[in-house]
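Undergrad: My structure is below; once you've seen it, I'll send some questions.
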Amino acid sequence: MEAILALLSTAFLAAAFYLLLSRHVVRMLIGVALLGNGVNLSLFLAGRLTRGVPPVMGAGEEVLKAGAANPLPQALILTAIVISFSFFAFLLVLGYRAYQTLGTDDTRAMRFAEPDRLDPPTGY
Amino acid sequence: MELTFLALLTPFIAALFAPALTRVLGARAAFVLVLAPILSFARLLTYLPDVMAGEKVTGGFAWVPSFNLSYSWYLDGLSLTFALLVTGIGALIVLYAGAYLKGHPQQGRFFAFLLAFMGAMLGLVVSDSFLMLFIHWELTSITSFLLIGFDHERQASRRAALTALAVTGGGGLFLLAGLMFLWNITGVTQFSLLLMLGDDLRSSPFYMALFGLIAMAAFTKSAQFPFHFWLPNAMAAPTPVSAYLHSATMVKAGVFLLMRLNPVMGGTPLWTIVLPVVGGVTLIAGTVMALRQRDMKLVLAQTTVASLGLLVMLTGFGTEKALEAAVLYLLAHALFKGALFMVAGQVDHGAGSRDLTEVSGLYRAMPLTGAAAGLAALSMIGFMPFAGFLAKEEIYAALSSGSPRDLLFLMTAFAGNVLMGAAALHAGISPFRGRLKAPVAHPHEGPFGLLAGPVLLSLAGLAAGVASGQFHRAFGNPMASAVAGHPVEMTISGVPHAGLPFALSVVTIAAAAWLFSRIGRVQQNARALIDALGPGPDRAFDTALDGLTRMAHGLVRRVQSGRLEHYLVVTLLCLGLTLLLSLALQGEMPRWPALGAAIPPAEALVLLLALTGVGVVLVASDRLTAIVALGIQGFAVGLIYLLYGAPDLAFTQFMVETLAVVILTLVMTRLNLKGADHRGTGERLVDGAVAVLAAAGLGLLMLKMLEGSFDGRLSDFFNLYSRTVAHGANVVNVIIVDFRGTDTLGEISVVLVTGLAILALIRLRAVAGRRRLADNDPADAEEQA
Amino acid sequence: MIAETLTASLHLTSPELILGIGALVLLMIGVFAGPKSAGLVNTLAILLLVGVMGWIYVTPLEGLAFGGVFKADAFARYMKIAALFAAAVSLFMAAVRAKAEQLDQFEFPVLVVLATLGMMLMISANNLISVYMGLELQSLALYVLAAINRDNVRSTEAGLKYFVLGALSSGMMLYGMSLVYGFTGNTGFTEIAAALSSETRSLGFVFGLVFVLSGFAFKISAVPFHMWTPDVYEGAPTPVTAFFAGAPKIAAIAMLTRIVLSAFDPVFHDWQQVIVFISIASMILGSFAAIGQKNIKRLMAYSSIGHMGYALVGLAAHNQTGVSGLVIYMTIYIAMTLGTFAIIMSMRNAEGQPSENIDDLAGLSSSNPFMALILTLLMFSLAGIPPLAGFFAKYFVFVAAIEAKLYALAIIGVLASVVGAYYYLRVIKVMWFDQPRGGFAPASAGLKLVYGLSGLFVTAYVLFGGMLGTAADVAAKALF
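As they're listed, the protein sequences go chains H, Y and D.
Take the first sequence: its position 107, counting from 1, is numbered 107 in full-length UniProt numbering, and each next residue is one higher.
Take the second sequence: its position 392, counting from 1, is numbered 392 in full-length UniProt numbering, and each next residue is one higher.
Take the third sequence: its position 169, counting from 1, is numbered 169 in full-length UniProt numbering, and each next residue is one higher.
Listed below in C-alpha cells is the structure:
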C-alpha cells in the first residue's frame, strides 16, 4: 500500500508541475494546492504507514501502544498544511491584483522584464 | 623611514590638490606641482650612496598582520634607478604638461591623473610586498586609462583607453595569480626575502605555470607581440602622457618585473627560449610598423614597441653581458625616447602638425628643439659617444659568442637596430632639415616648460655616454647587479674599441642612414608588407569585444527570457534529470514494487476519488469545475490521513480544503476569465513531459526511501517523553505545542506575515485609487482616509 | 530549573524578542493611527533596527537556547549586526524616496522588520526546522515587498515570479530536509553531524543535501536558481531592490555557512563539490550576462549573482581563512551595494522621474562630479580593482581557495573577474567619456550621505581593513 500511495503522490506532483507550467495564475494556484498535497503525502509516507491507530495514549499509558502511527510526520505536516495555505492565499491575492490591472491572469501579458527587441550595447 | 613613506605618497597628495590649485593658478600650477616629484627625487637620491655600495634598503609598516600584508619598500640598484627615472622624468613632464595644456578647461584634472600615475608607478617599482606591487600595477593601468581617454570627445581616444585598460589591467590579474603562486610555492610575500632564495622556484613543479602567468603579465604591460597593439593606440593621449607613460615609465613595468625576478626565475630553458623569441618577434614587427607611419608620434610609439622587444629579448637571453646590455639600453631609451616624444609634441605645438609629410625645415624656427631632437636621434641610432652607443656596443658584444643561437639573435638585433635607426632618423631629423614647410604661417619655439624636458633629457643622454665611468658606478653597475643577482662590473665606455661589436655598430649606422636616404620607398615597402599580412590583433580585439557583447546579449536572451514558464521548465528539468540520471548511473534504481497485494475496498475507493479529482482538475474546461475537483482531491487526501491513524491531520485538511474551495469560488465568480487551457497541443505535450519527468524522479526517490529501513530514533524520543515529561497523551499535539513550541511560534509568525501581506496588497489598490481621486482635492482624500 | 533554562533561553534570544515585539508594536501603531503614520512607523522601525544592533553589539551572547534549536555565537553576532545594518540603511533610503515610489505605507517598514526577524532566526538556526521557519518568515515578507509597488504591473510581475519560483525552491528545500531527516533520524545540526560521522552516507542523503543546498542557492540567487534575480531586481521598487540585494543575502549566506560547517561537516567532500559548481557557474554567468545589460538595476542583479559566486569560493575552501574571507566579502559587498543603490535612487531626471538606463549616466562627471566620482569608486571596487575594498574581498577568498588547493576554482574566479571588470568599466566610460545628457535632479541629502559614506568605505578600507579582518577572524573561529 505504501508503494501505491507513493505512486499516487507522484501523480499529484506531476499534475502540480503541469499546472504550474501553464501560463495562468489561477491554474498555477491550483497547482500550488496540489503540490502541497503531494509533498505532504510523501512526508506522511516517509514516516511509514500504520492503519487506524492514532498516536494518542490511552488513560494511564506512559507510551504509545505498539503499532500506533508515527507522530512526528504528522506534526510536520500540520505545520506544512498551514504554511501552504498561507502560500495559497497570498498567490490568490497576487493573481487577483494582476487581474485588476491587466484584465487577465495570463503571465504572458506580464512581459516587462527582458522585452524582446533590444540591441546589445556595443561600440566604444 | 617616515620621510621615505612620505616621499612615496607625495605624488598622490599633490594629485589631490592639483584641481583646486589649477583653478587658482591656471597653468602656473605646474611650477608648484613640480615640487612633488622633485621632493621625492631628492629623498630617494639620498639612498644612492648606500645602493652604490651594494646595500639593499628596506622599510615599511605592517598593515593586516593576519593576512601577512604590509606596506613596505625595497630599494636596490634596480628599483632605485627606476624610481629616480620616474620622479626625474616626471618632474620634467609636469613642467611640460603645464605649458602644453595651458588654457585647457580640464588641466587640473589632467595634473591630478598624471601625478596619481606617478605615485602608482613609484609605488610599483619600490614595492617590497607582492600585494603592494600588484596594487600599484593596477593603479598604473587605471590612471593610464583615464589619461589616454582624456580627449574623450574623440571615439579613437575612448577606444584606445578601453583597449589599453583591457590588455594591461587584464594582464595585471595574471600578475596577481602569479604572485599568489610565488607565495604558495615559497611561503614568502616580499621580494627582499624572495630574492634570497636560491633555486627553489626553478625546481618547483609549478615553475611552468608560474612562468606562464608572470610572462603574460609582463608581455601585456610591456606591449609584446601579439599584445603590442594597445601601445600605438594609446598615442591618442596628450603628448606628455605618451612621453611619460608610454615610453619612459609604465610600459617598462613588464620589463621591470622580468628583471626583478630574473635572479630567482631566470636561466631556465623556458626563460631563455620564450622571452628572447617573443622579444625578437616584437622587435622586428615593431620596427617594420614604425617605418610604415607618417605621424611622428606613431613612428616613435612603434619604435618603443620594438625597443621593449629588444629589452625582453636581452633579459631573457640571461648572460651577464646581455643583462648589462639590457640595463644600458633601458636607461638610454628612457632618455632619448622621452626627449623625442616631447619634441613631437613641441613640433605639433609650434608648427601645427606632427605629420612628417607636412612639416620640414623647422631648424631655423625651432633651433633648440631641433638640437634636442638631433642629439636624441643620434643617441637612438647608437652614435658615439651617446648613451645609446654604450647600449648598442654592449648588445652586440653580448650576442657575438658565435654559437648558432647567438648568431640568430645577433642577426635579429642587427636587423632591428638598422630598421629602428632609420625610423629614428626619420622622426628626429626629417622635421628639421630641408625646405621650410608647416601648416602654420610662423612656426615658433615653445616656452620654457616645453623646452626644458627635451633639452635636458637629450643632454643627459650625451653626458651619460661621455662620463660613462661615473654613470656605470651610479646607475649601471648597481642595477645590473640587482638584475643578475650578483655583483656586476661594467667596462664599456664611449671610446670605441676595435672589434666585432664596433664594426657592427658602424655598419648599423651606415645601413640606417642609407635607408633613411630613401625613406619614401622604404615606407611604401613596409606598408605593402603589413597589408599583405592581413588584419592584425588590433582588429581581432575589436571583433572579440564586439563578439563578447553580442554573445553575452544572446546568452541572456536565451537563459533569461523573462518568462516564468521558461524558468520553471529549467528548474524542473534540472530537478528531474539530476534525480533520474544519478539514480540510474549509480545503479540505485528502486525495485518496482509489488502492487498485486489486496487493497481494502474503502481504500481503493479513496484512491479512485483522489485520482478522479486530479484528473478532472487537469482536463476541466471551466474553472469552477476545476475548483470543485480540487476540493475532491483534497478531501480524498484527508480521508487517507484518517485511514492511516492521523485524525488531527484529516480534520485540518478538511477545514483548509473547504476554506480554499469557498474562497477560490468567491474570487473566481468576480473574475471574468476564460477557463480553457490556452496552450497548443505541442506545448502541452512538452510541458506534460517535463512535469512527468520531474515527478518521476521524485517518485523513484520516494520508492527508494521506502525500501530502506526507517530510523525511528527521534519519534521514539517523543513517544518516550510525551507523557512522562510533557504530560500530554496526544503525541502530535505535544510535539507541536511543547517540544517544538518555538517552531510553532515561527509558524504563527508566517501566518501573521501572510495576513499582513494580503492586507497590504488589497489596501494598496484602494490607496492608489484614492490617490488618483485626491489629485484635485486634498480635503476629499483626507475625508476618505 | 526549567525556569532557569527558560530565562537563559530568553536572554539568548533577546535581540529577536525585542525585534518581534517591536514589529507588533509598529503594526499596532500603523493600524490604529492609520495611513498618516507611515513616516512615523518608518522612523521608529529604523530606530528599532539600530537599537537591536546596538544591543547585540554591547551584549555578546554565547550559547544554545530552547533545547539547541537556536545558537548564539560570535559568527551569529557579526552577521546579525551586518544584516540589521543593511536593513536599517535600506529603510533609511526608502524613507527618502517613499512618496515617489508609493512606499509610504506603514506595512512596508513592518514587513522589513519582520523579514529581518526571519533573517536573525536564520542566522542563529541550529536545527533544520528552525532553518525552515526563519527562511519562510523572511521569504514571505520578501514576496510581498517585491509586489508592493506603485500599482504597477511590473511589480506584480516581479512578485509573482519571485513567489512561484521561491515556493518551488522552498518545497525542494523542505523535501531535502525530510530526506536528511529520513536518513539521519535527526533534525538538530549537532545530532546530524554525529549521525553522519558514525555511519556511511547513502545516496538518498546526498539527494537531501543537494535539495537543501538548492534551496539556499535560490535565496542567495546563485546559478542555476538565479533566474528570478534580474526580473525581480528590475521590477521591484528601487528601495525594495536595495533591501533585497543586502540583508537577505547576508542571512542566507550565514545560514548556509553554518549548516554545511556544522551539520554536514563530516561529508564535506559531497557539499564542497556542489558549492564549487554553484560558485563557478555563478561567477561565469554573473560576468558574462552583465555585459549585455543596459538597465543598471539588471546590471546590479547579474553583478550580485557573480558576487555570490565569489563569496562562495571562501566557503568552498572549507577552512577558517575561507570563512573569514567570506565574512569580509559579505561586509564589503553590502557596503558597495548599498552605496550603488543610493546612487541609482538618485538617478532622477529634472522632472523627478526615475531613470534606470546606464546611458542616462552619460556625462555625469561634468553634471555631478561628486556622484560620478563615488560611482566610479564603487564600480572599480565592485570590479575588484585595487586598492579599493572590493579587491581585498576577492583577494581574501582566493587566498583561501589556494590554501585549500582549489587552484581551478581560483583561476576561473580570476578569469571571470577579468570579464566582469569589463561591464563595470562601461559604466565608468559612460560617465566620464560620453556626451552629457539632461543630467539629474539634485540628490537628496540622505542619499548623498549614504553613497558618500559608501565611497569613503571602499576607499579607506586599506586603512582600517585590519580591524574588520580581526572581527571577521573572531566570527569565523566560532565555526571551527
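Even glycine gets a Cβ: it sits at the ideal position worked out from N, Cα and C.
Across which residues does DSSP place D106 (chain H) in a beta bridge pair?
TA: The residue you call residue 106 (chain H) lines up with position 106 of the first sequence. Answer is H:H24, bridged to D106 (chain H).
Undergrad: Under 9 Å Cβ-Cβ, which residues of chain H neighbour P537 (chain Y)?
TA: To locate residue 537 (chain Y), count along the second sequence from 1; it is residue 537. What P537 (chain Y) touches in chain H: nothing, since even the nearest Cβ is about 17 Å away.
Undergrad: Report the rounded CA-to-CA distance for R679 (chain Y) versus L21 (chain H), giving the unit in angstroms.
TA: Position 679 of the second sequence, counted from the start, is the residue given in the question as residue 679 (chain Y). Position 21 of the first sequence, counted from the start, is the residue given in the question as residue 21 (chain H). Using only the alpha carbons, I get a separation of about 10 Å.
Undergrad: How many angstroms separate the CA atom of G68 (chain D) from the CA atom of S124 (chain D)?
TA: Taking the first residue of the third sequence as 1, we reach residue 68 (chain D) at position 68. Taking the first residue of the third sequence as 1, we reach residue 124 (chain D) at position 124. Distance between the alpha carbons of G68 (chain D) and S124 (chain D): 10 Å.
Undergrad: How would you write the range of the alpha helix (DSSP H) that W228 (chain D) sits in, first residue to last?
TA: In the third sequence, the residue the question calls residue 228 (chain D) occupies position 228. Looking at the DSSP string, the run of the alpha helix (DSSP H) that includes W228 (chain D) is W228 to G235.
Undergrad: If you reduce the DSSP assignment to three classes, tell me which class Y363 (chain Y) lands in.
TA: Position 363 of the second sequence, counted from the start, is the residue given in the question as residue 363 (chain Y). The answer is coil: DSSP assigns Y363 (chain Y) none of H, G, I, E or B.
Undergrad: Would you check if the distance between the CB atom of Y641 (chain Y) and the CB atom of A629 (chain Y) is smaller than 7 Å?
TA: Mapped onto the second sequence, residue 641 (chain Y) falls at position 641. Mapped onto the second sequence, residue 629 (chain Y) falls at position 629. Cβ distance not < 7 Å, so Y641 (chain Y) and A629 (chain Y) don't count as in contact.
Undergrad: By how many angstroms is the C-alpha of T220 (chain Y) removed from the C-alpha of T287 (chain Y)?
TA: Within the second sequence, residue 287 (chain Y) is the residue found at index 287, counting from 1. Within the second sequence, residue 220 (chain Y) is the residue found at index 220, counting from 1. Straight-line Cα distance between these residues: approximately 18 Å.
Undergrad: Inspect the beta-carbon positions of A335 (chain D) and F457 (chain D) and report whether they are closer than 7 Å.
TA: As a first step, residue 335 (chain D) is located in the third sequence; it is residue number 335 there, counting from the start. As a first step, residue 457 (chain D) is located in the third sequence; it is residue number 457 there, counting from the start. In contact: A335 (chain D) and F457 (chain D) (Cβ atoms closer than 7 Å).
Undergrad: Using a Cβ cut-off of 7 Å (strictly closer), state whether R97 (chain H) contacts chain D.
TA: Residue mapping note: residue 97 (chain H) aligns to position 97 of the first sequence, counting from 1. So yes, R97 (chain H) belongs to the interface.
Undergrad: Are M379 (chain D) and I411 (chain D) touching if we call contact CB-CB under 7 Å?
TA: By one-based count along the third sequence, residue 379 (chain D) stands at place 379. By one-based count along the third sequence, residue 411 (chain D) stands at place 411. No. Outside cutoff.
Undergrad: Just mark M1 (chain D) as buried or exposed, buried being the case when its beta carbon has 16 or more other beta carbons within 10 Å.
TA: To locate residue 1 (chain D), count along the third sequence from 1; it is residue 1. Bear in mind that a pLDDT of 48 at M1 (chain D), under 50, signals an unreliable position, so the number given afterwards is only what the model happens to contain. Flag for M1 (chain D) reads exposed.
Undergrad: Would you give the residue range spanned by the beta strand (DSSP E) that K71 (chain D) belongs to?
TA: Translated into positions along the third sequence, residue 71 (chain D) becomes position 71. It spans F70 to A72 - the beta strand (DSSP E) in which K71 (chain D) sits, taken as one unbroken run.
Undergrad: Just to make sure I have the definition right: I need the residues of chain D whose C-beta is within less than 7 Å of the C-beta of I83 (chain H). Which are they?
TA: Here the question's residue 83 (chain H) lines up with position 83 in the first sequence. Under the 7 Å cutoff, chain D gives E136.
Undergrad: Is any beta-carbon of chain Y found at less than 7 Å from that of V63 (chain H)?
TA: Here residue 63 (chain H) refers to the residue found at position 63 of the first sequence. Yes, contact with chain Y.
Undergrad: Consult DSSP for W592 (chain Y) and reduce its assignment to one of helix, strand or coil.
TA: Against the second sequence, residue 592 (chain Y) aligns to sequence position 592. Coil, per DSSP.
Undergrad: So what's P354 (chain D) in DSSP terms, helix, strand or just coil?
TA: Taking the third sequence and counting its residues from 1, one reaches residue 354 (chain D) at position 354. The answer is strand: DSSP assigns P354 (chain D) an E or B state.
Undergrad: Note the first and the last residue of the continuous beta strand (DSSP E) segment covering Y74 (chain Y).
TA: On the second sequence, residue 74 (chain Y) is found 74 positions in, with the first residue counted as 1. Segment L69 to L75, the beta strand (DSSP E) holding Y74 (chain Y).
Undergrad: Spell out the partners DSSP gives K437 (chain Y) in its beta bridges.
TA: The residue you call residue 437 (chain Y) lines up with position 437 of the second sequence. In the DSSP output, where bridge partners are listed per residue, K437 (chain Y) has Y:S360.
Undergrad: Mind pulling the chain D residues with CB within less than 8 Å of M180 (chain Y)?
TA: Counting from one through the second sequence, the residue named residue 180 (chain Y) turns up at place 180. Under the 8 Å cutoff, chain D gives F398, V399, I402 and A410.
Undergrad: Using 8 Å as the Cβ pair cut-off and three pairs as the minimum, do the stretch 186-193 of chain D and the stretch 6-18 of chain D touch?
TA: No: the two stretches stay apart, fewer than three of their Cβ pairs being nearer than 8 Å.
Undergrad: So which residues of chain D does D743 (chain Y) contact, with C-beta pairs closer than 7 Å?
TA: In the second sequence, the residue the question calls residue 743 (chain Y) occupies position 743. Within 7 Å Cβ-Cβ: I129, S130 and M133.
Undergrad: Consider the Cβ of E657 (chain Y): report whether some Cβ of chain D lies at a distance smaller than 7 Å.
TA: Mapped onto the second sequence, residue 657 (chain Y) falls at position 657. Not closer than 7 Å to any Cβ of chain D, the Cβ of E657 (chain Y) fails to qualify, so no.
Undergrad: In the DSSP assignment, find the unbroken beta strand (DSSP E) run with A65 (chain D) in it and report its ends.
TA: Your numbering for residue 65 (chain D) matches position 65 in the third sequence. Run containing A65 (chain D): G63 to A65, per the beta strand (DSSP E) assignment.
Undergrad: Any beta carbon from chain H within less than 7 Å of I632 (chain Y)'s own beta carbon?
TA: Counting from 1 along the second sequence, the entry for residue 632 (chain Y) is found at position 632. Output row for I632 (chain Y): interface = no.
Undergrad: Does any C-beta atom of chain D lie closer than 7 Å to the C-beta of A160 (chain Y)?
TA: Against the second sequence, residue 160 (chain Y) aligns to sequence position 160. So, not an interface residue.
Undergrad: Can you grab the Cα-Cα spacing for the pair F225 (chain Y) / H349 (chain Y), in whole Å?
TA: For this step, residue 225 (chain Y) is matched to residue 225 along the second sequence. For this step, residue 349 (chain Y) is matched to residue 349 along the second sequence. Roughly 32 Å separates the two Cα atoms.
Undergrad: If we ignore side chains and look at the alpha-carbon of each, how far apart do L720 (chain Y) and V63 (chain H) end up?
TA: Your numbering for residue 720 (chain Y) matches position 720 in the second sequence. Your numbering for residue 63 (chain H) matches position 63 in the first sequence. Whole-angstrom Cα-Cα distance: 6 Å.
Undergrad: Quick check on L48 (chain D) - is its C-beta less than 7 Å from some C-beta in chain H?
TA: Sequence index remark: in the third sequence, residue 48 (chain D) carries index 48 (1-based). With 7 Å as the cut-off, L48 (chain D) does not count as an interface residue toward chain H.
Undergrad: What are the boundary residues of the alpha helix (DSSP H) that includes L201 (chain Y)?
TA: Position 201 of the second sequence, counted from the first residue, corresponds to residue 201 (chain Y). First-last for L201 (chain Y): undefined, no H or E at that position.
Undergrad: Closest Cβ-Cβ distance between L449 (chain D) and chain H: below 7 Å?
TA: Counted from its first residue, the third sequence places residue 449 (chain D) at position 449. Chain H, which has no Cβ nearer than 7 Å to the Cβ of L449 (chain D), makes this no.
Undergrad: The alpha helix (DSSP H) with K249 (chain D) in it runs from where to where?
TA: The sequence position of residue 249 (chain D) within the third sequence is 249, counting from 1. Element bounds for K249 (chain D): A247 to R258.
Undergrad: For the candidate residues Y:L147, Y:G309, Y:V125 and Y:L323, whose alpha-carbon lies nearest to that of Q106 (chain Y)?
TA: Along the second sequence, read from residue 1 onward, the residue named residue 106 (chain Y) stands at position 106. Taking only the C-alpha atoms, the option nearest Q106 (chain Y) is Y:L147.
Undergrad: Within 7 Å of any Cβ in chain D, is that where the Cβ of F87 (chain H) sits?
TA: On the first sequence, residue 87 (chain H) is found 87 positions in, with the first residue counted as 1. It does: the Cβ of F87 (chain H) has a partner Cβ on chain D nearer than 7 Å.
Undergrad: Per DSSP, V56 (chain H) forms a beta bridge with which residues?
TA: Walking along the first sequence from the start, residue 56 (chain H) turns up at place 56. Paired residue(s): Y:N730.
Undergrad: Does the distance from the CB of I358 (chain D) to the CB of I305 (chain D) come in under 7 Å?
TA: Here the question's residue 358 (chain D) lines up with position 358 in the third sequence. Here the question's residue 305 (chain D) lines up with position 305 in the third sequence. No; because the gap between Cβ atoms is not below 7 Å, this pair is not in contact.
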